[in-house]
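Worksheet: one structure, shown below.
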Amino acid sequence: MVKVYSINDCPWCDKVKKYLKSKNVEFEEHNIEENDADRDACYALTGDTMVPITTANDKDYVLSFDKAKLDAMLGL
1 MVKVYSINDC PWCDKVKKYL KSKNVEFEEH NIEENDADRD ACYALTGDTM
51 VPITTANDKD YVLSFDKAKL DAMLGL
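Using the UniProt record's numbering, the letters of the sequence shown map in sequence onto residues 1 to 76.
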């Protein structure tokens with residue numbers, strides 16, 4: 001399952017989510033501002049709490065909104 005780690009009022013997070021929806025990619029949103037477990041999972045994955053973070057396998061991830069990297073990671 002694709003996961004997007006995000007925060008409230010984040011334009012880049014919104015861009016990632018809109019892009020994934022436009023490509024019909026199902027994803028779970030994990031708000032690290034509202035959920036400590038999500039924040040800890042994001043930190044464990046990346047060593048930081050910068051967002052947005054998109055992952056498909058809880059190992060590889062894309063930071064920010066980078067269409068080429070998202071497409072490559074998700075096989076789009």
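Every residue gets a Cβ at the ideal spot worked out from N, C-alpha and C, and that includes glycine. Only a predicted model underlies this, so the values are computations on that prediction, with no experimental measurement involved.
Limits of the unbroken beta strand (DSSP E) element including residue i
i, result
"Val51", "No beta strand (DSSP E) holds Val51; DSSP gives it neither H nor E."
"Ser6", "2 to 6"
Cβ-based neighbour list, residue i, same chain, cut-off 8 Å, excluding 5 preceding and 5 following
i, result
"Leu70", "Val16, Tyr19, Leu20, Thr54, Val62, Leu76"
"Asn8", "Asn31, Glu33, Glu34"
"Cys13", "Val4, Ser6, Ile7, Val51, Pro52"
"Asp67", "Here residue 67 turns out to be Lys, not Asp, going by the sequence shown. Tyr19."
Close-in-space but distant-in-sequence residues of the same chain around residue i (CB under 7 Å, 5 per side omitted)
i, result
"Asp60", "Met73"
Closest Cα partner of residue i within the set the options
i, options, result
"Asn24", "Ile7, Ala37, Met1, Leu45", "Met1"
"Thr46", "Asn35, Asp36, Ala37, Asp58", "Asp58"
Host alpha helix (DSSP H) of residue i (start-end)
i, result
"Leu74", "67 to 74"
"Val16", "11 to 22"
Neighbourhood of residue i by C-beta, 6 Å cutoff - its chain only, sequence neighbours within 5 removed
i, result
"Lys3", "Glu28, His30, Thr55"
"Ser22", "none"
"Glu26", "none"
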